[in-house]
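Below: one structure, written as structure tokens.
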Amino acid sequence: MRFMTIKFSKNVIIPTVFCIVSLLLSDIGYSQKDYKDSRKVLFDNDWLFYKGNTLNANEQKYNDSSWRKVDLPHDWSIEHLPNQKKDSVVGPFSRASVGGFATGQTVGGEGWYRKTFTISAENRTQRHELYFEGVYNQAEVWVNGHKVGNNVYGYSSFRFDITPYCNPAGQQNVVAVKVVNEGKNSRWYSGSGIYRHVWMLHTSPTYLDDWGTFITTKKSIEGKAEIDLSTTIIGGNEKENLTIVTEWISSKGKTVVKTSRKVSVNATENKLVPFAIHVKNPSLWSIDNPNLYNVKISLWNGKTKIDQLNIPFGIRTLDFSVTEGFKLNGVKTLLKGGCVHHDNGLLGSAAFDRAEERKVRLLKESGFNAIRTSHNPMSESFLDACDRLGMLVINEAFDQWNGKKNPEDYHLYFKDWSAKDIRALVLRDRNHPSVIMWSLGNEIPERITDKGSETALYLKNEIRKYDTTRPITAGVNKYWDKEHKNMLPLDNAFKNLDVSGYNYMWRFFEEEHAKNPERVMYSSESVATEASENWDKVEKLPYVIGDFVWTAMDYLGESGLGNSFEVDPQENVHQFMGWPWYNGWCGDIDLIGVKKPQSYYRDILWREKSISIAVELPVAEGKIKKVSFWGWPEESLSWTFPNLENKELKVNVYSRAAKVRLYLNDKLIAEAETNSQYKTSFKVPYQAGILKAVEVNQNKEGASTILETIGKPVAIKLTADNKTIKADNQDLSYVLIELVDKNGNVVVDSNQKIKISCKGLGKIIGSGNAAPTDMASFGSLEPSLFKGRAMAIIRAAKVAGKTELTVSSDGIQTATITINSK
């Protein structure tokens, strides 16, 4: 199954002659005069916001003087609620939350946004468009009291031509946005409000359609890449004779291809103009070398440039087969995947570019090479980061179709809106080299029915209108009979998929392959405790191309999914947890970006490291430890148990070596063989010191790792991921706060309180710890540490300068770090 060709929709006008271009460096001879790059202007600053119902706020002359100022991205569901009460309203959490454990005890409701703007004299003859990357959930938009449109799916990007509603240049305009997030409409934390960027687009009446522009690698062999490029010209008020110029610029700034083509465009015509581009000795986009070209497509009227698109593009090929698995650029690639929700932890759903990039970077640093966007379209900046950092993406559309999972969820709108939302998803994201598959949905209730099969085909055909270069997939789970005794056939669920995603079904791969030998498969969801079983299938079965754990990172909502409890033997533990749980606690990486024990185990499976070690916390007499299906045994990455001297502790060692040895204070405790899960365990009486695990192959010691006893806390350590940030009111610096001993080791048994403050131009927009139940610390400037750590997030100001972050705690010297913005 090779996905490298492109077919155009039948209802699009296609010129019959392609412009074939080889390596050209000719001088086209056009000047840049009369063109300024103000096509796309960020529209995030200086909004006014009101939480609640209000009348006539859509009118231009509405009095909004009492509203508060906000800058986007903005998520009101993480803002602290009024009338705080210890047991019922804590921070942004409320026992009255309609979503309950599903949405992390947070509150939605209704909110209004207003912003004034003027059209400059320079842009007075231009076309003006408002572009919203994402508003949760239902959104209605007015300009100067005129309703310009609405959107119902909180994860779709949408845009409106507001030209007819704008006042003449120099006069004030008002845009008003009503946002409603009510009822039970989500199975996880969604956030509320205009949580992604808003843009104002200014173009000439005749312009290039960015969503109507598609670039794809047709072939790349023997040092030459064949590229199909098509762009759509939207005609203005009269017929025009124009020229399109395309220029390919390498990551080193070198122009490798440049060409032009003359076109005639009628008034109001949508004209698709295709090019066939040849690039010699291309720098391919891959996981390890994510090379990107800047493709400039400019539109000229005579010698005046009237529009230009700049599209980052990676040249790469995709192949899927049952015999050779998945190949990227002809190289077999196993998908080391994770499912990821859209929120950004302490920032809620606010999609700051830096937050999205950090999320991808943390995953890449932990060995992941693929992400399944669960279960909705992500932000543009998230995909941009995947392009830059070399992360593969399964781009998922929906969590439900016609069948409901919650009373007020997307099933109410699917019939009327799904085609529009698929169009928005594919047209927006199809130029991203990171996107390798389109997913129709996740665990769809009607998946095995004939109606479900018809719906899957309908969605597949909608995608194929805009992209034929990527396979179609979905995440499919078991379907039981009414007595929950027998699993029903899933043929209808897989019938219209090109690549089949199996949720928690690794045991069935061989059986499914015997029945369907042409089917390419992968674990679209799996759990950490079955990581070795899943990964063994990926490595041994060529038709199983990857594994995606639920989840790669902790997220808000689905509270307590990964719980682990010490209980009486007869006591049951629920799948989800109520108050005060608020995050899923099932990720490899916690809410502030710190690797959890299961992530170190995955390092062994993926051969990122040779050996790792962890200590299971002891269980009280008469109790047992019950771990959720999505959970992980409670392990410590420290050898510090001051109250357990000489008591036996269970030490787990993970390694692919045949045997491992364990030493305590340089004394050999034991040697043991590892099992099929690359694990062995030791019972060790606790004594302070250094615990060392060493891999053994053919009786020779190899790589080793240690845990040591941590001393008393003596200092606060502050580490910023970026000490210099842009003075653009958007950039962020994440400051990790750690309590350390005299040797710099994190005091992981400390949960003491700290105080956070800052002075200067920047401001703290997020703070807290990773604990799944510590509601009081979320967004607090006086949080408790969790396992010796907390975090503060600084947002840059609009002007250059310094921000000083100070952290103090009783009995510990105060620490300060300076963040510079330029």
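Per our numbering, the very first residue in the sequence shown carries number 70; after that it's consecutive. The C-beta atom is built at its ideal place from N, Cα and C for all residues, glycine as well.
*What does residue 328 pair with, by DSSP beta-bridge criteria?*
If you number the sequence shown from 1, residue 328 lands on position 259. As computed with DSSP, residue 328 is found in a beta bridge with 315.
*Is the region 728-741 touching the region 753-762 in the sense that three or more CB pairs, one from each, lie closer than 8 Å?*
The region 753-762 is in contact with the region 728-741.
*How long is the line joining the alpha carbons of residue 81 and residue 220, rounded to whole angstroms?*
Stepping through the sequence shown from its first residue, residue 81 is reached at position 12. Stepping through the sequence shown from its first residue, residue 220 is reached at position 151. With a pLDDT of only 29 at residue 81, under the threshold of 50, the placement of this residue in the model should not be trusted; the figure read from the coordinates follows. For the pair residue 81 and residue 220, the Cα-to-Cα distance works out to about 25 Å.
*When you compare only the Cα positions, how much space is there between residue 424 and residue 797?*
Walking along the sequence shown from the start, residue 424 turns up at place 355. Walking along the sequence shown from the start, residue 797 turns up at place 728. Rounded to whole angstroms, the separation of the alpha carbons of residue 797 and residue 424 is 15 Å.
*What does residue 470 pair with, by DSSP beta-bridge criteria?*
On the sequence shown, position 401 is the one that residue 470 refers to. Residue 470 is not bridged to any residue.
*Keeping to the same chain, check which residues put their C-beta closer than 6 Å to that of residue 186; ignore five residues upstream and five downstream.*
In the sequence shown, counting from the first residue as 1, residue 186 sits at position 117. Taken in chain order, the residues that qualify are 242.
*Reduced DSSP category for residue 522 - H, G, I as helix; E, B as strand; rest coil*: The residue you call residue 522 lines up with position 453 of the sequence shown. When secondary structure is reduced to three states using DSSP, residue 522 falls in the helix class.
*Got a sec? Which residues, its chain only, sit under 8 Å from residue 433 by beta carbon, not counting five neighbours each side?*
Numbered from 1 along the sequence shown, position 364 holds the residue referred to as residue 433. Apart from the 5 residues on each side of it in sequence, residue 433 sits with its Cβ closer than 8 Å to the Cβ of 458, 459 and 460 in its chain, given in chain order.
*Three or more beta-carbon pairs under 8 Å between the region 663-676 and the region 818-827, yes or no?*
Between the region 663-676 and the region 818-827, the count of Cβ pairs shorter than 8 Å is below three; the stretches do not touch.
_Measuring alpha carbon to alpha carbon, tell me which residue in 271, 140 and 501 is nearest residue 200._
Indexing the sequence shown from 1 puts residue 200 at position 131. Taking residue 200 as reference, the option from 271, 140 and 501 with the minimal CA-CA separation is 271.
*Near residue 610, which residues of its chain fall below 7 Å by C-beta distance, leaving aside the five closest residues on each side in sequence?*
Taking the sequence shown and counting its residues from 1, one reaches residue 610 at position 541. So the list reads 578, once near-sequence residues are dropped.
*asked:* Closer than 7 Å to a non-hydrogen atom of the ligand SAH - does that hold for the CB of residue 745?
replied: Ligands displayed in this structure: none; no statement on the ligand SAH is therefore possible.
*Could I get the ranges of all uninterrupted beta strand (DSSP E) runs contained in the region 504-574, with 3 residues as the minimum, in chain order?*
The qualifying runs are 504-511, 541-545 and 568-572.
*Could you spell out where the beta strand (DSSP E) holding residue 609 opens and where it closes?*
As a working mapping, residue 609 is identified with position 540 in the sequence shown. Residue 609 -> not in any beta strand (DSSP E); alpha helix (DSSP H) instead, spanning 600-609.
*asked:* When you compare the region 875-882 with the region 820-835, are there three or more beta-carbon pairs, one atom per stretch, that lie closer than 8 Å?
replied: Of all C-beta pairs linking the region 875-882 to the region 820-835, three or more are shorter than 8 Å, placing the two stretches in contact.
*asked:* I'd like to confirm the pairing. Which residues does DSSP put opposite residue 877 in its beta bridges?
replied: By 1-based counting over the sequence shown, the position of residue 877 is 808. Per DSSP, 824.
*Just the Cα atoms here: how many angstroms apart are residue 91 and residue 319?*
Within the sequence shown, the letter at position 22 stands for residue 91. Within the sequence shown, the letter at position 250 stands for residue 319. Per-residue confidence for residue 91 stands at a pLDDT of 36, beneath the threshold of 50, marking its modelled position as unreliable; the derived number appears in the next sentence. C-alpha of residue 91 to C-alpha of residue 319: approximately 15 Å in a straight line.
*Look at the Cβ atom of residue 180, then the Cβ atom of residue 253, and state whether they are nearer than 8 Å.*
Position 111 of the sequence shown, counted from the start, is the residue given in the question as residue 180. Position 184 of the sequence shown, counted from the start, is the residue given in the question as residue 253. Annotated as distal: residue 180 and residue 253, with beta-carbon spacing of 8 Å or more.
*In terms of alpha-carbon separation, which member of 718, 675, 717 and 521 lies closest to residue 747?*
Taking the first residue of the sequence shown as 1, we reach residue 747 at position 678. Comparing Cα positions, the closest option is 675.
_Strictly by DSSP, which residues pair up with residue 172?_
Within the sequence shown, the letter at position 103 stands for residue 172. Note: residue 172 sits in no beta bridge, so no partner.
_Give me, in chain order, the residues of the same chain whose beta-carbon lies closer than 6 Å to that of residue 871; leave out the 5 immediate sequence neighbours on both sides._
The residue you call residue 871 lines up with position 802 of the sequence shown. Closer than 6 Å at the Cβ level, and outside the excluded window around residue 871, lie 829, 887 and 889.
*Would you call the CB atoms of residue 704 and residue 683 closer than 8 Å?*
Along the sequence shown, one-based indexing puts residue 704 at 635. Along the sequence shown, one-based indexing puts residue 683 at 614. For the 8 Å CB-CB criterion, residue 704 and residue 683 form a contact.
*Between residue 280 and residue 497, which are expected to be in contact by the criterion C-beta below 8 Å, what is the C-beta distance as a whole number of angstroms?*
Locating residue 280 in the sequence shown gives position 211, where the first residue counts as 1. Locating residue 497 in the sequence shown gives position 428, where the first residue counts as 1. Sure, about 6 Å apart at Cβ, within 8 Å.
*Cβ-Cβ separation, residue 128 to residue 214 (assumed contact under 8 Å), whole Å*: Within the sequence shown, numbered from 1, the residue matching residue 214 stands at position 145. Within the sequence shown, numbered from 1, the residue matching residue 128 stands at position 59. The beta carbons of residue 214 and residue 128 sit about 5 Å from each other, so the pair counts as a contact at 8 Å.
*Three or more C-beta pairs below 8 Å linking the region 189-196 and the region 123-139*: Judged by pairs of C-beta atoms under 8 Å, the region 189-196 does not touch the region 123-139, as fewer than three such pairs exist.
*Quick one, which of 838, 362, 389 and 349 has its alpha-carbon nearest residue 588's?*
In the sequence shown, the residue the question calls residue 588 occupies position 519. Of the candidates 838, 362, 389 and 349, the one whose C-alpha sits nearest the C-alpha of residue 588 is 389.
*asked:* Spatial neighbours of residue 813 within its chain, please: C-beta separation below 8 Å, excluding the five flanking residues on both sides.
replied: In the sequence shown, counting from the first residue as 1, residue 813 sits at position 744. Within the same chain, Cβ atoms closer than 8 Å to the Cβ of residue 813 are found at 786, the five residues on either side in sequence being excluded.
_Counting C-beta neighbours from all protein chains within 10 Å, is the total for residue 95 16 or more, i.e. buried, or is it exposed?_
Taking the sequence shown and counting its residues from 1, one reaches residue 95 at position 26. Its pLDDT being 31, under 50, residue 95 is placed unreliably by the model, and the measurement read from it follows with that caveat. Burial is judged here by how many other beta carbons sit within 10 angstroms of a residue's own beta carbon; residue 95 has fewer than 16 and is exposed.
*Say whether the region 376-395 touches the region 475-489, bearing in mind that this needs 3 or more beta-carbon pairs closer than 8 Å, one atom from each stretch.*
Counting Cβ pairs under 8 Å, fewer than three are found: no touch.
_Environment of residue 304 [buried if 16+ CB atoms lie within 10 Å]_ = Taking the first residue of the sequence shown as position 1, residue 304 is located at position 235. With 16 or more Cβ atoms within 10 Å of its Cβ, residue 304 is classed as buried.
*Where residue 659 sits in the DSSP three-state scheme*: Here residue 659 refers to the residue found at position 590 of the sequence shown. Three-state DSSP puts residue 659 in coil, outside helix and strand.
*Roughly how far, in whole angstroms, is the beta-carbon of residue 266 from the beta-carbon of residue 231, given that I think they are within contact range, below 8 Å?*
Along the sequence shown, read from residue 1 onward, the residue named residue 266 stands at position 197. Along the sequence shown, read from residue 1 onward, the residue named residue 231 stands at position 162. A Cβ-Cβ separation of about 17 Å leaves residue 266 out of contact with residue 231 under the 8 Å criterion.
*Find out if the Cβ-Cβ distance for the pair residue 633, residue 694 is shorter than 8 Å.*
Here the question's residue 633 lines up with position 564 in the sequence shown. Here the question's residue 694 lines up with position 625 in the sequence shown. Yes. Within cutoff.
_Proximal residues to residue 469 (C-beta, below 6 Å), its chain only, five neighbours per side dropped_ = Here residue 469 refers to the residue found at position 400 of the sequence shown. Within the same chain, and ignoring the five residues on either side of residue 469 in sequence, the residues whose Cβ sits closer than 6 Å to its Cβ are 478, 479 and 480.
*Using the rule of at least 16 other Cβ atoms within 10 Å of the residue's Cβ for burial, across every protein chain shown, is residue 707 buried or exposed?*
Position 638 of the sequence shown holds residue 707. Residue burial annotation: residue 707 is buried, with at least 16 other C-beta atoms found within 10 angstroms of its C-beta.
*For residue 257, collect the residues of the same chain with a Cβ closer than 6 Å to its Cβ; drop the 5 residues on either side in sequence, then sort them by chain order.*
As a working mapping, residue 257 is identified with position 188 in the sequence shown. Same-chain partners within the cutoff: 410, 626 and 627.
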